[in-house]
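See structure below.
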């Protein structure tokens, strides 16, 4: 059996990856790479906040912030991330001058979904949980947190206190943040791996509120009869946040298990088995006011003879399970996604659920490597791919950030958020030099047609 790989979502901003691009009304040069040089952004302190209830607001000023992992060297296009970067939101959106760089050390990975940050100690400032992997980390893996505050996060990370279970130790993936017992306090779900078998992991929940020494209010685990690749948490519901577990795979689309969390311990969670797929997100897509589960094919395939294909209900499909979610999921609503490309190393697609028009209903932004971002929406009781050109932005042809074909320079979809708190999300696209995608260099913030902001995190020379 092959050694446990780094899950795609973990390698940081490999997560930040899948493209956005030109809408039908975008200017002719919308796909151009912008300036060849690296744009500099003189640093300024984080705006002082007093605390908020926004889960992405690290400095508590009421505006969601952008948090991502990166490596510092502008000469290294393949290095693994060794920093966490915070770019602060404002009434004008993201402000690349207002930022904090945190030096983590070894390979750092942030949660891949369900929110990178969460207010773990309940003080009104979002905190940044992360995982470290490297020879310098005792046991090879460490889960830790940067505490948020009125001036941004503290510079000293605090290791999370994990339960001691005989025969188990911390492993990838990074923790997923949610409220898994419905008490209103943020919790973390992570994986404890078996030292005896790679097919005997455990889903472990650290229940909040957390103390500043990294100790949870309580912990509880649930054995899982498989090797776990990653965890996807949904928004808090009446009883708790749903939690999707991606089973590990040899390159094919992940099998999935959905846990319906709630008061008590994980042993009492109900579960369901949605269709396979390596993309997943929760959000209200059908407009009924409850969170739906969206699962899709990210294009990755097992390249071993006889295992290269997926079942018809998975192959290049996006599947939606309408909320409220229950153990009896029923049949999903499905739509075929554009593109037939597949890959055997990294997926070709990325998914984000975004509300770009502020109507409370989310559309599925589906970024495709080298292609741009397509939109899937709910219409007349079904999913449909919007008939419009993909949203495309590209890195420069030349200069310190340039190189490669137009396809290789196509920016990837890095999620969405309402960074100016005006009620509608902005789409985030990022471009990374090289093929590793481990560290974004250039960013675009767009409403889906027009660019609202562009900046180069490669120019963060703090």
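Numbering (mature numbering (1 follows the signal peptide of the UniProt record, and there is no 0)), first residue to last: -19 to -1, 1 to 443. Just so you know, even glycine gets a beta-carbon here, dropped at the ideal spot from N, CA and C.
DSSP bridge partner residues for residue i (one or two, in chain order)
i, result
"residue 333", "346"
"residue 44", "The partner list for residue 44 (beta bridge, DSSP) is empty, contrary to what the question assumes."
"residue 227", "211, 237"
"residue 76", "69"
"residue 88", "114"
"residue 424", "411, 436"
"residue 405", "Partner(s): none; residue 405 has no beta bridge."
"residue 182", "205"
"residue 386", "Answer by DSSP bridge pairing: none, since residue 386 is not bridged."
"residue 273", "264"
"residue 49", "66"
"residue 123", "113"
"residue 81", "67"
"residue 25", "79"
"residue 131", "133"
"residue 375", "391"
"residue 324", "281"
"residue 187", "169, 200"
"residue 36", "Note: residue 36 sits in no beta bridge, so no partner."
"residue 139", "126"
"residue 99", "108"
Boundaries of the beta strand (DSSP E) in which residue i is found, first to last residue
i, result
"residue 204", "199 to 205"
"residue 252", "251 to 253"
"residue 112", "109 to 114"
"residue 356", "353 to 360"
"residue 395", "393 to 398"
"residue 284", "No beta strand (DSSP E) contains residue 284, which DSSP labels as neither H nor E."
"residue 242", "First-last for residue 242: undefined, no H or E at that position."
"residue 315", "314 to 317"
"residue 263", "260 to 264"
"residue 169", "168 to 175"
"residue 363", "363 to 366"
"residue 298", "298 to 302"
"residue 149", "149 to 151"
"residue 158", "157 to 159"
Rounded separation between residue i and residue j - CA only
i, j, result
"residue 356", "residue 346", "5 angstroms"
"residue 64", "residue 98", "15 angstroms"
"residue 28", "residue 42", "7 angstroms"
"residue 337", "residue 429", "7 angstroms"
"residue 24", "residue 132", "14 angstroms"
"residue 308", "residue 174", "26 angstroms"
"residue 282", "residue 130", "43 angstroms"
"residue -3", "residue 162", "Low local confidence applies: a pLDDT of 33 at residue -3 is under 50, so the model's placement there is unreliable, with the coordinate-based value given in what follows. Cα to Cα, residue -3 sits roughly 31 angstroms from residue 162."
"residue 141", "residue 152", "13 angstroms"
"residue 478", "residue 47", "Look at the range of the chain in this structure, -19 to 443, and you will see that residue 478 is not part of it."
"residue 36", "residue 234", "30 angstroms"
"residue 360", "residue 319", "18 angstroms"
"residue 61", "residue 411", "16 angstroms"
"residue 445", "residue 378", "Residue coverage of the chain in this structure runs from -19 to 443, which leaves residue 445 outside it and unanswerable."
"residue 352", "residue 188", "41 angstroms"
"residue 92", "residue 165", "20 angstroms"
"residue 69", "residue 434", "13 angstroms"
"residue 286", "residue 277", "23 angstroms"
"residue 321", "residue 291", "12 angstroms"
"residue 432", "residue 426", "6 angstroms"
"residue 203", "residue 306", "20 angstroms"
"residue 138", "residue 332", "30 angstroms"
"residue 105", "residue 393", "32 angstroms"
"residue 329", "residue 414", "17 angstroms"
"residue 334", "residue 191", "29 angstroms"
"residue 11", "residue 340", "Low local confidence applies: a pLDDT of 42 at residue 11 is under 50, so the model's placement there is unreliable, and no value is given."
"residue 39", "residue 109", "8 angstroms"
"residue 400", "residue 30", "15 angstroms"
Counting Cβ pairs, one atom from each stretch, are 3 or more of them under 8 angstroms apart for the stretch 216 to 230 and the stretch 191 to 199? Touching, no, given that fewer than three Cβ pairs across the two stretches are closer than 8 angstroms.
Given 8 angstroms as the limit, is there contact between the stretch 171 to 189 and the stretch 255 to 270, that is, 3 or more CB pairs closer than that? Short answer: they don't touch.
Three-pair Cβ contact test at 8 angstroms for the stretch 360 to 380 versus the stretch 313 to 322: They touch, by the three-pair rule.
Using 8 angstroms as the Cβ pair cut-off and three pairs as the minimum, do the stretch 399 to 415 and the stretch 78 to 87 touch? These segments do not touch.
Is it a yes or a no for the stretch 295 to 306 touching the stretch 239 to 257, going by three-plus beta-carbon pairs under 8 angstroms? Touching, yes, given that three or more Cβ pairs across the two stretches are closer than 8 angstroms.
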